[in-house]
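Residue numbers (this note's numbering), protein chains in the order written: chain A, 1 to 403; chain B, 1001 to 1403. Worksheet: one structure, shown below.
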C-alpha cells in the first residue's frame, strides 16, 4: 500500500484530542464536566443572525461569488467603518472561517521552506496550517511572568532568518489573552518595514478587550502594503459554526493572490453570509456585542479572582480574549487534566487545555494550562473550587504513589 | 515591499474569469446572455433541504465536530447504503464542498514535488489545488475523437514517474461528460495496484449517467486501501452554495490524516449539514434525484441533437455529467467566445467555457469549448441557434479582417 504524505503525518492533531475520549467517558458515567478547555462561547447566537438564515430567500442555492456575497462584503465594510476603517470591497475577502483566512495568508506569503515567526504560546492550529502548507514556524518564546508580552526588539531580530517571510500573531491573543501595547505594535511595524516582512495579525478577538484599548494593525498606514488582517465572526457573534471569516489587506497583489485561492475553492457558505449581513442590518448590533463583552469582562474578573485564591496557581491577569494561561503547581499538566477526568472523585470535574500544546518549543508549557472563561460566573466559581480540590488530591495521590 | 509567494502566482485563476467582465458588460447593455459556461444547475434546490435549514434548532451556533455533524455522517451512510455501499462513520469525512475533499486528498497523498496523473481535459480547479499544495500534475491527454475515453494501459504507464503518487480523475467527468467503462476502471485498478498508487476518484456527478451504468471505485474491494472517493451534494441536490462535500476511504491511515486536516480547519458549516440530513430524511429524496436526472437526460439529448446540426461542430455524445466538450470550426475558441460577448449583433448571445482552460498541455483544446447544459430545453435550442449564427458571422468577420 502506498504511504501517506510526510506533511500529513507532520501536521499535529489538536493535542486536546487525546483527552477528549476521557471526557466523553466521564460524562457517560454521569459526571458533569466543566469545559474550560475550548474557545467555544456559550452565549446564544444573536437572533438577527439566525433570523437572517431562516428568512433567506433562496430558490437555487448556487455558488456565492468567490470573494463573498455582496451583502456580506458590505457588512464587513459597515463593521470596519464603525471601527474607523474605510475599506473598499477589493480589500476584503470573505473566507470560510478565520481558519481559511490564515491558510490563505500563509499560502500567499510563503513558499515551501519559508518561515513564519510566531510568538509562543500560540493557537495550535497555526502549526497545522503551516505544516500542511510546508511552511516552517520559528517560535518566539514569551513568558507567563511577563504576561506573555513581547521580548525586546533585539531578541526578535535574533530569530529572523533569510527565509523568514512573515510575522504571525493574534491580538488579543489566544491562548494568553495578551493585548499588545501600542509600543509593542510600533516596534513590530518598524521591524516588519526594516526587514521587509509581511505582518499577519489575527484580530478575531478584537472586541474582547477589557483593559486599555486594542489597536488594529490597520491603524498603521506605513505598513499598509505588508499588513494582512485575519478576522472572523465566530467569537463576536458567538457563531463559531457559521464558518464566516475574512482576510483584509490593502496590498493589491496580496488580495489578487488571495482571490485566486478563493476562486479555486469556489465559495464560502451562502446562508451564513446572509446571516452575518442580517446581523449587521440590526440597528442594535453594537449593543449586542457590547453586552456580550461586558459579560466576558465580569467572567474574566471572576475567574482571575478565583484562580488567584488557589495555592500555587500563577498568572498575570490578561487584558483580552477569553483565555487565561496559568501555571499549576504540578510537573505535568496533561497528566493532571487526565487525572481530573479519570480519578477525581465526586459528581463533577473540570477540563482545561494542556499548556504544552500551545508551544512549538519542546518542553515548554508543561506546568501550564489554558482556561477559557466561556461559562457563566457561577460555573466559573464552581470550576475553580473543583480545580483547587483537584490539585490537593492529585498532589497527595502522587505523593502516595511515589511512596 | 515583500514579494508574494511563487505558488500563489503559479496557481491559475479560472480562465473563464478573463471573459466574465465582458459578459457583465454585455448584460449591462441590455443583452441576454445564455450561460452555458458554468456548471451551476438552474434546478431549484429541494424543498426538504431548504426546510431543514429554516427549521434547524440552533441556539448557540457552535463548532460542528470536525469530521462532520452526526446527522450529516448518518445521511452519507444512508445515501451510500442505497447505492449498495455500507460505510462506517470512520470511513466518512464531511468536507467543505468537494473542493476541500480534493485538497485533503492531495495533501494526504502527496508531498511537495510529488506528482499526480490526471487525464486531460480536466476540471481546471484541480490544477489550482495542486499548485497551492506544490503538487505537480502529469496530464494524460485524451481525445475528442475517442469520446475522451482513456488511452491504452501502455500509454498511461509511459506517463508514470518515481514521484507519481496518485491518479486523480472525475467519473463521470467534468468537462467531457465521459463515463469510464468497467474495462477502463478494471485497468486503472490493476495499474494502481501494480504501481502502488492512490486512486482518487471524484464521483460528484455519479448520479448523472444517461448511457450504461456508473461504477464507483468503491465497488473494487481489492483497491480499498488505495481508493479515495471525493463526493459532494452540490450537483445532485442543486446546492452548490451549500459547500457540503465528503471524502471517503477505507484506508484507516488516509482517514486519520484527512481527519487531522479537518481538525485544523475546525468544521464544515452547520446549517447546510442539517439541510442535507433533512433531505435524506425525506422519503421522496430518491424520486427527487431521479426526476432531476431525467430532466438532464432530455437536455443532453436536445443539446447534442442541436449541436449536431451546426456545420463544423464536432463531438461524441457524452454518457454523463452535464457537459459536452465539442470542437468548433475556429482556430481560437476563446477569441470566438469574446467576439460573441462583444460583437455578436442582436439582443441575445451565448457564453461557453474555452477549451484550452481544461488542458495542462500548452496548445491543446484551442478549437474546443465546454458547454454545460444547465438550462431548460427551449433555452438550449435557442443557445444553439445563436451559436450557429455566431459561427457564420464570426467566420465572415474574420475573413473580412484578413482582407
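Note that the Cβ used here is the ideal one computed from N, Cα and C, for glycine as well.
In angstroms, rounded to a whole number, what distance separates the CA positions of residue 275 of chain A and residue 55 of chain A? The sequence position of residue 275 of chain A within the first chain is 275, counting from 1. The sequence position of residue 55 of chain A within the first chain is 55, counting from 1. When rounded, the distance between both Cα atoms is 9 Å.
- Message: Can you confirm whether residue 1107 of chain B, when its beta carbon is compared against all beta carbons of chain A, has any partner nearer than 8 Å?
- Response: Walking along the second chain from the start, residue 1107 of chain B turns up at place 107. At least one chain A Cβ lies under 8 Å of residue 1107 of chain B.
Query raised in the report: From which residue to which residue does the beta strand (DSSP E) around residue 1070 of chain B run?
Result: Numbered from its first residue, the second chain carries residue 1070 of chain B at position 70. Where residue 1070 of chain B is concerned, there is no enclosing beta strand (DSSP E), although the alpha helix (DSSP H) it sits in stretches over 1070-1082.
**Request:** Report the residue ranges of all beta strand (DSSP E) runs contained in full by the segment 151-196 of chain A; include only those spanning at least 3 residues, in chain order.
**Result:** Secondary structure in the segment 151-196 of chain A: the beta strand (DSSP E) runs of 3 residues or longer, each lying completely within the stretch, are 164-170 in chain order.
Cα-Cα, which of A/45, A/89, A/32 and A/207 is closest to residue 297 of chain A? Within the first chain, numbered from 1, the residue matching residue 297 of chain A stands at position 297. For the residues A/45, A/89, A/32 and A/207, the minimum Cα distance to residue 297 of chain A belongs to A/207.
Exercise for review: Please confirm if residue 129 of chain A has its CB atom under 8 Å from at least one CB of chain B.
Suggested key: As a first step, residue 129 of chain A must be located in the first chain, where it is residue number 129. Contact of residue 129 of chain A with chain B is assigned, a C-beta pair being separated by under 8 Å.
is_contact[residue 37 of chain A, chain B] using C-beta, thresh 8 Å:
On the first chain, residue 37 of chain A is found 37 positions in, with the first residue counted as 1. For residue 37 of chain A, the closest Cβ of chain B is not nearer than 8 Å.
- Looking at chain A, which residues of the segment 1348-1365 of chain B have a Cβ within less than 8 Å of any of its Cβ atoms? Listed by position, the residues of the segment 1348-1365 of chain B near chain A (Cβ gap below 8 Å) amount to none.
Unbroken stretches of the alpha helix (DSSP H), 4 residues or longer, contained in the segment 1104-1139 of chain B: Here the runs fully enclosed are 1125-1132.
Q.
Less than 8 Å between the beta carbons of residue 149 of chain A and residue 116 of chain A, yes or no?
A. Within the first chain, the letter at position 149 stands for residue 149 of chain A. Within the first chain, the letter at position 116 stands for residue 116 of chain A. Cβ atoms of residue 149 of chain A and residue 116 of chain A: not closer than 8 Å.
| task | Let me know if residue 1279 of chain B comes out buried or exposed under the rule of 16 or more other beta-carbons within 10 Å of its beta-carbon. | result | Here residue 1279 of chain B refers to the residue found at position 279 of the second chain. Buried: at least 16 other Cβ atoms inside 10 Å.
Check: Within 8 Å (strictly less), CB to CB, does residue 63 of chain A reach chain B?
Finding: As a first step, residue 63 of chain A must be located in the first chain, where it is residue number 63. True, the Cβ-Cβ gap to chain B drops below 8 Å.
query: In terms of residue numbering, what span does the alpha helix (DSSP H) encompassing residue 394 of chain A cover?
result: Start at 1 with the first residue of the first chain, and residue 394 of chain A comes out as number 394. Run containing residue 394 of chain A: 377-401, per the alpha helix (DSSP H) assignment.
**Prompt:** Nearest chain A C-beta to residue 1043 of chain B closer than 8 Å, yes or no?
**Reply:** Counted from its first residue, the second chain places residue 1043 of chain B at position 43. For residue 1043 of chain B, the answer is yes, since a Cβ of chain A falls inside 8 Å of its Cβ.
Report task. Give the C-beta separation of residue 1167 of chain B and residue 1192 of chain B to the nearest angstrom, bearing in mind that I take them to be a contact with Cβ-Cβ under 8 Å. Result -> Counted from its first residue, the second chain places residue 1167 of chain B at position 167. Counted from its first residue, the second chain places residue 1192 of chain B at position 192. Yes, they are in contact, since the Cβ atoms of residue 1167 of chain B and residue 1192 of chain B sit about 6 Å apart, within 8 Å.
Counted within 10 angstroms of its Cβ, other Cβ atoms place residue 222 of chain A as buried (16 or more) or exposed
Numbered from its first residue, the first chain carries residue 222 of chain A at position 222. Classification for residue 222 of chain A: exposed.
Check whether the Cβ atoms of residue 217 of chain A and residue 231 of chain A lie closer than 8 Å to each other.
The residue labelled residue 217 of chain A in the question sits at position 217 within the first chain. The residue labelled residue 231 of chain A in the question sits at position 231 within the first chain. Against a cut-off of 8 Å, the Cβ pair of residue 231 of chain A and residue 217 of chain A comes out as no contact.
Using the Cα positions of residue 1299 of chain B and residue 1292 of chain B, report the straight-line distance between them to the nearest angstrom. Stepping through the second chain from its first residue, residue 1299 of chain B is reached at position 299. Stepping through the second chain from its first residue, residue 1292 of chain B is reached at position 292. So the two alpha carbons sit approximately 11 Å from each other.
Rounding to the nearest angstrom, what Cα-Cα distance links residue 1112 of chain B and residue 128 of chain A in this structure?
Along the second chain, one-based indexing puts residue 1112 of chain B at 112. Along the first chain, one-based indexing puts residue 128 of chain A at 128. As the crow flies, the alpha-carbon of residue 1112 of chain B is around 16 Å from that of residue 128 of chain A.
Which two residues bound the contiguous alpha helix (DSSP H) that contains residue 19 of chain A?
For the purposes of this step, residue 19 of chain A is taken as residue 19 along the first chain, with counting starting at 1. Careful: residue 19 of chain A lies outside any alpha helix (DSSP H) and carries neither H nor E.
Report task. Return the chain-ordered list of same chain residues with a C-beta closer than 7 Å to the C-beta of residue 1064 of chain B, the five sequence neighbours on each side being excluded. Result -> For the purposes of this step, residue 1064 of chain B is taken as the residue at position 64 of the second chain. Closer than 7 Å at the Cβ level, and outside the excluded window around residue 1064 of chain B, lie 1267, 1268, 1270 and 1273.
Quiz item: Where do the ends of the alpha helix (DSSP H) carrying residue 1342 of chain B lie?
Solution: Taking the first residue of the second chain as 1, we reach residue 1342 of chain B at position 342. Segment 1333-1342, the alpha helix (DSSP H) holding residue 1342 of chain B.
What runs of the beta strand (DSSP E), each 3 residues or longer, lie entirely inside the segment 1203-1279 of chain B? 1227-1232 and 1245-1249, all fully within the segment 1203-1279 of chain B.
With a cut-off of 8 Å, does the C-beta of residue 1115 of chain B fall near any C-beta of chain A? Here residue 1115 of chain B refers to the residue found at position 115 of the second chain. Chain A contact via Cβ: absent.
Exercise. Check the C-beta distance from residue 1073 of chain B over to residue 1102 of chain B and give it rounded, since I have them as a contact under 8 Å.
Key: As a first step, residue 1073 of chain B is located in the second chain; it is residue number 73 there, counting from the start. As a first step, residue 1102 of chain B is located in the second chain; it is residue number 102 there, counting from the start. 20 Å between Cβ atoms; not a contact.
Check: Any beta-carbon of chain B closer than 8 Å to the one on residue 174 of chain A?
Finding: Taking the first residue of the first chain as position 1, residue 174 of chain A is located at position 174. No - not a single Cβ of chain B is within 8 Å of the one on residue 174 of chain A.
Report the CB separation of residue 1359 of chain B from residue 1121 of chain B in whole angstroms; it is logged as a contact under 8 Å. Position 359 of the second chain holds residue 1359 of chain B. Position 121 of the second chain holds residue 1121 of chain B. Confirmed, about 5 Å.
*asked:* Could you check whether the Cβ of residue 1281 of chain B sits closer than 8 Å to any Cβ belonging to chain A?
replied: Here residue 1281 of chain B refers to the residue found at position 281 when the second chain is read from its first residue. No, residue 1281 of chain B does not count as interfacial toward chain A.
Margin query: Tell me the residue span of the beta strand (DSSP E) that contains residue 348 of chain A.
Written below: Taking the first chain and counting its residues from 1, the one referred to as residue 348 of chain A is at position 348. From DSSP, the beta strand (DSSP E) with residue 348 of chain A extends over 348-351.
Straight-line Cα distance separating residue 1020 of chain B from residue 86 of chain A | The residue you call residue 86 of chain A lines up with position 86 of the first chain. The residue you call residue 1020 of chain B lines up with position 20 of the second chain. If you take the alpha carbons of residue 86 of chain A and residue 1020 of chain B, they lie about 28 Å apart.
### Message
Please determine whether the Cβ atom of residue 1199 of chain B lies at a distance below 7 Å from any heavy atom of the ligand FMN.
### Response
Among the components modelled here there is no ligand, and therefore nothing to report on the ligand FMN.
Task: Residues from the segment 1372-1383 of chain B in contact with chain A, defined by Cβ distance under 9 Å - done: The segment 1372-1383 of chain B vs chain A, Cβ under 9 Å: nothing.
Inset, instruction - State whether the segment 134-153 of chain A contacts the segment 1044-1053 of chain B, with contact taken as three or more CB pairs (one from each stretch) at a distance under 8 Å. - result: Judged by pairs of C-beta atoms under 8 Å, the segment 134-153 of chain A does not touch the segment 1044-1053 of chain B, as fewer than three such pairs exist.
**Prompt:** Is the segment 31-46 of chain A close to the segment 368-387 of chain A, with three or more CB pairs under 8 Å?
**Reply:** Inter-segment contact for the segment 31-46 of chain A and the segment 368-387 of chain A is present: three or more beta-carbon pairs are separated by less than 8 Å.
Quiz item: Nearest chain A C-beta to residue 1293 of chain B closer than 8 Å, yes or no?
Solution: Sequence index remark: in the second chain, residue 1293 of chain B carries index 293 (1-based). Not one chain A Cβ lies under 8 Å of residue 1293 of chain B.
| message | With H, G and I counted as helix, E and B as strand and the rest as coil, what does DSSP make of residue 362 of chain A? | response | Here the question's residue 362 of chain A lines up with position 362 in the first chain. DSSP places residue 362 of chain A in the coil class of the three-state scheme, outside both helix and strand.
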